[in-house]
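Undergrad: First residue of the sequence shown: 52, per the working numbering; consecutive thereafter. Just so you know, even glycine gets a beta-carbon here, dropped at the ideal spot from N, CA and C. These figures come from a predicted structure and were not determined experimentally. Following this message is one structure expressed as structure tokens.
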Amino acid sequence: MTGQLAFVESPVQLLNVLEWAHTQSLGGRTVPATGDPADAEPADALTVVVLSPTDPMSRGQLRRMAQLARDHGLTVHWQEARGGRGSLARTLRELARPLRAAERVIIGDPFSRYVQLLLTLFAPRHLTVVDDGTATMEFAAQLGRGERLVRWHRKGSLGPRELVLAPVTTLARRRLAPAGKRTVEIFTSLPVEAPPGVTVTENAYAWTRDTFGPPLLTGGADLVGTSLVETGVVDADHYARVVDELARAHGATRYFAHRRESAEKLHRIAVDTGLQVVRPDLPLELIARRGPIGRTVVSFPSTVVHTLPLALAGTGVKVAVVEIAPEWLRATASPRAQGFLAGVAGTAAHEVDRLTTRVTQHTDRLEFG
């Protein structure tokens with residue numbers, strides 16, 4: 052039987068590939084002397100190819116996750132997929148043979164242009180999509196409705212780049228759907244409705260719980276940051292005010308930064324609020340499970356309001372989600388932003404507290420209820 056090949060571009064994707072492998076009871080195999088997945092002997096085991104990003108935070112977390120995966124028996128190949136002129140052609144050339152031979156391909160981001168290009172060149176026999184944030188919810192919905200694949204925070208109109216890549220996206224969407232003998236699985240911790248012909252498998256974070264913890268709990272609260280400012284969805288000034296009010300209302304001492312948050316914004320948060328800004332070197336699910344972690348974790352709408360209750364089950368940690376009010380959004384935000392974020396918060400596990408905000412009359416202060 053030929054091998055199984057995973058392509059990951061973020062630390063969370065690699066974590067969820069590990070979770071998927073755990074459910075399949077997959078082990079590792081000997082790393083080829085060349086380090087090239089094309090030289091690996093076919094096997095039932097899983098080989099992970101890291102299509103490395105360019106930003107330092109993501110690369111650092113991925114290096115740590117890659118070593119963690121190796122320590123647990125998986126073969127991991129680091130591919131400098133964005134390393135300058137010629138990197139794309141070199142990557143396609145090096146991955147052609149293992150892609151053609153793979154019985155199953157696992158991907159973490161169906162919206163990734165890189166992954167879409169790979170799928171247009173090599174149609175997988177069987178495909179598994181693992182979580183890379185809340186985009187899984189949008190992917191499942193768009194696939195079920197037969198729509199083109201567009202990230203939820205992007206404007207609906209096609210720009211010049213999107214027009215050029217439209218044929219790639221169209222073909223990739225067909226390759227991401229079940230057809231003929233090709234099966235499609237979505238492995239997720241999120242509440243998604245299975246598109247026709249697609250199997251949805253629950254990711255309960257069993258590997259994370261079995262491997263780490265339980266954590267030591269601190270007496271206070273921790274805040275979880277978001278990149279909604281960086282993606283142009285939420286106003287920066289309003290976000291800073293909300294973080295300050297959340298810290299005061301919940302007695303928070305630490306702010307766990309999203310890997311895409313800007314250094315300028317994080318500096319402002321540290322100075323204005325006194326919070327200790329922490330840049331995690333691993334996905335938050337692992338950081339929280341290893342501990343120490345606050346007895347309350349407050350997050351903006353994101354994947355962690357679905358994953359942390361699973362990873363921290365039985366520890367006594369309470370997770371709360373702050374609902375995004377319309378006045379937080381920038382005028383340039385996608386029309387779908389409010390509804391999508393409300394859906395992320397509204398579908399969180401029943402044990403997750405929901406915090407709403409309102410502006411107190413005659414003041415600029417926010418209250419949470």
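Does the beta-carbon distance from A396 to P352 come in below 7 Å?
TA: Yes, the pair counts as a contact, with Cβ atoms nearer than the cut-off.
Undergrad: Would you give the residue range spanned by the alpha helix (DSSP H) that A152 belongs to?
TA: Counting along the chain, the alpha helix (DSSP H) containing A152 begins and ends at 138–152.
Undergrad: Which of the three DSSP states is assigned to I158 in this structure?
TA: If DSSP states are grouped into helix, strand and coil, I158 belongs with the strands.
Undergrad: Which residues bound the beta strand (DSSP E) around G264?
TA: Careful: G264 lies outside any beta strand (DSSP E) and carries neither H nor E.
Undergrad: Quickly, what does DSSP pair E253 with across the bridge? List them, please.
TA: Its beta-bridge partners are T239.
Undergrad: Would you tell me roughly how many angstroms separate the C-alpha atoms of D182 and A298, rounded to the nearest one?
TA: Straight-line Cα distance between these residues: approximately 29 Å.
Undergrad: When DSSP labels each residue in this structure, what does A96 get in the three-state scheme?
TA: Three-state result, A96: coil.
Undergrad: Whose CA, out of S76, Q112, G325, D106, lies closest to the CA of L337?
TA: Considering only alpha carbons, the answer is Q112.
Undergrad: Are the Cβ atoms of L267 and V349 separated by less than 7 Å?
TA: Not closer than 7 Å, so no.
Undergrad: Verify whether the separation of the beta carbon atoms of F58 and L102 is less than 7 Å.
TA: Yes, they are a contact pair.
Undergrad: Give a yes or no on whether the C-beta atoms belonging to A388 and V284 are separated by under 7 Å.
TA: Contact flag set, yes.
Undergrad: Answer with buried or exposed for P334, where buried requires no fewer than 16 other C-beta atoms within 10 angstroms of its C-beta.
TA: Classification for P334: buried.
Undergrad: Buried or exposed for E198, going by 16 or more other Cβ atoms inside 10 Å?
TA: Looking at its Cβ environment, which holds fewer than 16 other Cβ atoms inside 10 Å, E198 is exposed.
Undergrad: Can you name the start and end residues of the alpha helix (DSSP H) that S109 belongs to?
TA: It spans 107–122 - the alpha helix (DSSP H) in which S109 sits, taken as one unbroken run.
Undergrad: Specify, as a first and last residue, the run of the beta strand (DSSP E) that V395 falls within.
TA: Not the beta strand (DSSP E): V395 falls in the alpha helix (DSSP H), residues 388–397.
Undergrad: Less than 7 Å between the C-beta atoms of A272 and H301, yes or no?
TA: Yes; because the gap between Cβ atoms is below 7 Å, this pair is in contact.
Undergrad: Is it true that the CB of P343 sits closer than 7 Å to the CB of T234?
TA: For T234 and P343, no; Cβs fall outside 7 Å.
Undergrad: Helix or strand or just coil, what does DSSP make of K369?
TA: Strand at K369.
Undergrad: At the level of alpha carbons, what is the spacing between E48 and T105?
TA: Since the first residue of the chain shown is 52 and the last is 420, residue 48 is not available in this structure.
Undergrad: CA-CA distance, L200 and V368?
TA: Roughly 36 Å separates the two Cα atoms.
Undergrad: If we count the other Cβ atoms within 10 Å of its Cβ and call it buried at 16 or more, is P175 buried or exposed?
TA: Buried: at least 16 other Cβ atoms inside 10 Å.
Undergrad: Under the assumption that P246 contacts A191 (Cβ atoms under 8 Å), give the Cβ distance between them as a whole number of angstroms.
TA: Right, the Cβ-Cβ distance comes to about 6 Å (below 8 Å), so this counts as a contact.
Undergrad: Give the secondary structure of L66 by DSSP, where H, G and I count as helix, E and B as strand, and everything else as coil.
TA: L66: helix per DSSP, three-state reduction.
Undergrad: Assign A303 to one of three DSSP states: helix, strand, or coil.
TA: Strand, per DSSP.
Undergrad: D273 by DSSP, collapsed to three states: which one?
TA: Looking at D273 - three-state DSSP - the assignment turns out to be strand.
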